[in-house]
Structure formats: C-alpha cells, structure tokens
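See structure below.
Protein chains in written order, with the numbering used here: chain B, 957 to 1069; chain X, 19 to 130.
In structure tokens form, the structure reads like this:
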C-alpha cells in the first residue's frame, strides 16, 4: 500500500531536549516536505527536499533541521525545541514533476513544555 | 503569493442532507487537492483534481481551472463526515514540484 509513515504520532517533550520526527515513503517520490499546522495560521511549509542531499527552506524554517540521506526518508530535527514549536506536523511526498498528487503522513502532535 | 479562499467557513448539517463546499484561488494552478481532516487530526486525501470532475461514493468534486474555483459535493451526509475540509493548490509554473498552499478550511458538523 502506498503510504507516508511518520513517527511518533504523539510526543510531549521538554524545552531544549533534542528530538527527531521520522518520515518514510514507499512510492519512490523525489519531492518531500514538512508542514506545521497551527490554529489561525493553517498549514505552512517548513522545509522541502527535491532529492537525496538536496534540501531547502520553506516558509517557516527557523528552529528546524532536515536531512535527506536516502530517497525514502526525510527526518525533521528539532535541536533545541521551544514551546512555540508546539504544533501538529505533517510530512508529505510527491513526484518531482510539478502537478502530481501529494500524499501526507498521519501527522505528529508535538507538545513542548 | 496565491490566495486560497474557502466557503462557507462553518457548516452544520442534519444527517442525510447534501452540501456544496467551494474553493476559490487567485492564480493558475498545477494541482488541486481536497482533504478531510478528521477529529484525530489526520489529513485524508479525498480528490486529486486539477481539472474536471471526479466521483467517489457520496463525494464528488469539480474543478474549473479557467475560472479558478473548485467545488466539493457531499451527498447524504453522515456523522463520520464531520471534520474540516481543506482545499490545497500548487501554483502553476514550469519544472519541478512546489509547496501546496492550503485554504482556511470549512468546518463541517453533521448532527443526528
């Protein structure tokens, strides 16, 4: 089954404790991205990647890192989480060709206290 | 950047009723998708519909790209249809994929 898998689904952590949210897709997609969803602000892109070792900033990259060492995986790294990063996070993937369907993971609900 | 407006913002229906949700966008698009966000926060793909009409069970969607709008029809609504419906578009440009820009959503509540 074609899918995007994120882990964990729920996470509560403390300020400053490094964490990684994993994302994996099985559709051989080149384009992967991370979004965060906040009340009143909608979904906003954090980072994206067009292929292995090719990443770039989206609209709200501050406080986040990503890596793309393998085509299928695109982890989101919070080196020093802060309470303003409490949010619902989604990973998405699609083919590199513009205009193709994007698939989203199940979401990760992160709370930073 | 592109503007994506959805209407109505909120909708309350009795079970069995029909409804139409609208998405207007301000620029040419490569891609348009409809999603349902359920109460647990999951985004469920409903339709990939950059143009034309598609149907899936009680749901159908139509996109008129030249007039920059899309409609989502829900017939014989059920309580499990409750949640927020998002329209998302990818701005048309040559070459590679780009981000999806989401509308503000329509919050649907279906009551017994």
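For glycine and all other residues, C-beta sits at the position ideal for the given N, C-alpha and C.
Chain-ordered neighbours of residue i on chain X, where CB pairs are closer than 9 angstroms
{"i": "residue 1030 (chain B)", "result": "Correct list: empty, because the minimum Cβ distance to chain X is about 14 angstroms."}
Top-ranked residue by Cα proximity to residue i, from the options
{"i": "residue 98 (chain X)", "options": "X:76, X:89 and X:128", "result": "X:128"}
{"i": "residue 1023 (chain B)", "options": "B:989, B:1046, B:1054 and B:1041", "result": "B:989"}
{"i": "residue 1064 (chain B)", "options": "B:1003, B:1030, B:992 and B:1002", "result": "B:992"}
{"i": "residue 998 (chain B)", "options": "X:105, X:74 and X:36", "result": "X:105"}
{"i": "residue 1061 (chain B)", "options": "B:1032, B:1038 and B:962", "result": "B:962"}
{"i": "residue 22 (chain X)", "options": "X:37, X:111, X:46 and X:36", "result": "X:46"}
{"i": "residue 90 (chain X)", "options": "X:96, X:74 and X:113", "result": "X:74"}
{"i": "residue 974 (chain B)", "options": "B:1025, B:1020 and B:1059", "result": "B:1020"}
{"i": "residue 1006 (chain B)", "options": "B:1051, B:1056 and B:1038", "result": "B:1051"}
{"i": "residue 1040 (chain B)", "options": "B:1008, B:987, B:972 and B:1055", "result": "B:972"}
{"i": "residue 40 (chain X)", "options": "X:130, X:96 and X:87", "result": "X:87"}
{"i": "residue 81 (chain X)", "options": "X:95, X:59, X:42 and X:60", "result": "X:42"}
{"i": "residue 126 (chain X)", "options": "X:20, X:38 and X:51", "result": "X:38"}
{"i": "residue 994 (chain B)", "options": "B:1053, B:1069, B:957 and B:1042", "result": "B:1042"}
{"i": "residue 964 (chain B)", "options": "B:983, B:1031 and B:1016", "result": "B:1031"}
{"i": "residue 111 (chain X)", "options": "B:1053, B:1049 and B:1047", "result": "B:1053"}
{"i": "residue 1047 (chain B)", "options": "B:1055, B:957 and B:1028", "result": "B:1028"}
{"i": "residue 1069 (chain B)", "options": "B:969, B:957 and B:1058", "result": "B:969"}
{"i": "residue 978 (chain B)", "options": "B:1056, B:1025 and B:1058", "result": "B:1025"}
Residue i: contacting residues in chain B (beta-carbon distance under 9 angstroms)
{"i": "residue 70 (chain X)", "result": "Chain B residues near residue 70 (chain X): none, gap ~14 angstroms exceeds 9 angstroms."}
{"i": "residue 66 (chain X)", "result": "1056, 1057 and 1058"}
Within chain X, partners of residue i - CB distance below 7 angstroms
{"i": "residue 1052 (chain B)", "result": "114 and 115"}
{"i": "residue 983 (chain B)", "result": "Going along chain X, no residue has its Cβ under 7 angstroms from residue 983 (chain B), so there is no contact; the nearest lies around 13 angstroms."}
{"i": "residue 989 (chain B)", "result": "117"}
{"i": "residue 967 (chain B)", "result": "Chain X residues near residue 967 (chain B): none, gap ~13 angstroms exceeds 7 angstroms."}
{"i": "residue 975 (chain B)", "result": "Near residue 975 (chain B) there are no residues of chain X at all, since even the closest Cβ is about 19 angstroms away, more than 7 angstroms."}
Listed by chain order, chain B residues near residue i by CB distance under 8 angstroms
{"i": "residue 101 (chain X)", "result": "Within chain B, no residue comes near residue 101 (chain X); the closest Cβ sits about 13 angstroms away, beyond 8 angstroms."}
{"i": "residue 63 (chain X)", "result": "1057, 1059 and 1060"}
{"i": "residue 60 (chain X)", "result": "1062 and 1063"}
{"i": "residue 84 (chain X)", "result": "What residue 84 (chain X) touches in chain B: nothing, since even the nearest Cβ is about 16 angstroms away."}
{"i": "residue 111 (chain X)", "result": "1054"}
Proximity test, residue i beta-carbon vs the ligand MG heavy atom, cut-off 7 angstroms
{"i": "residue 33 (chain X)", "result": "For the ligand MG, the structure offers nothing, since it holds no ligand at all."}
Under 7 angstroms by beta carbon: chain B residues contacting residue i
{"i": "residue 108 (chain X)", "result": "1054 and 1055"}
C-beta neighbour in chain A for residue i, strict 8 angstroms
{"i": "residue 1034 (chain B)", "result": "Absent here is chain A; the protein component of the structure consists of chains B and X."}
Task: Completely contained beta strand (DSSP E) runs for the stretch 24-90 of chain X, where each covers 3 or more residues - done: Taken in chain order, the unbroken stretches of beta strand (DSSP E) that lie wholly in the stretch 24-90 of chain X and span 3 residues or more are 28-32, 37-43, 47-55, 61-66, 70-74 and 77-82.
Open item on the list: Three Cβ pairs or more, each shorter than 8 angstroms: is that satisfied between the stretch 27-47 of chain X and the stretch 1001-1013 of chain B?
Closed with: No, the stretch 27-47 of chain X does not touch the stretch 1001-1013 of chain B.
Task: Contacting positions in the stretch 1057-1068 of chain B - beta carbon closer than 9 angstroms to chain X - done: Listed by position along the chain: 1057, 1058, 1059, 1060, 1061, 1062, 1063 and 1065.
Task: Against chain B: residues of the stretch 42-55 of chain X by CB proximity under 7 angstroms - done: Within the stretch 42-55 of chain X, the residues whose Cβ lies closer than 7 angstroms to some Cβ of chain B are 48, 49 and 51, listed in chain order.
- [ ] Run through the stretch 957-981 of chain B for me and flag every whole beta strand (DSSP E) of 3 or more residues, listed as ranges in chain order.
- [x] Counting only unbroken stretches of 3 or more residues, the beta strand (DSSP E) elements lying wholly within the stretch 957-981 of chain B are 960-963, 966-969 and 975-981, in sequence order.
Task: Touching by the beta-carbon criterion (3+ pairs, under 8 angstroms), the stretch 49-65 of chain X and the stretch 94-114 of chain X - done: Judged by Cβ distances under 8 angstroms, the stretch 49-65 of chain X makes contact with the stretch 94-114 of chain X, as three or more pairs qualify.
Task: Interface residues of the stretch 992-1016 of chain B facing chain X [CB-CB below 7 angstroms] - done: Within the stretch 992-1016 of chain B, the qualifying residues are 998, 999, 1001, 1004, 1006 and 1014.
Open item on the list: Using 8 angstroms as the cut-off, can you tell me whether the stretch 64-76 of chain X makes contact with the stretch 111-124 of chain X, which would need three or more C-beta pairs spanning the two stretches below that distance?
Closed with: Between the stretch 64-76 of chain X and the stretch 111-124 of chain X, the count of Cβ pairs shorter than 8 angstroms is below three; the stretches do not touch.
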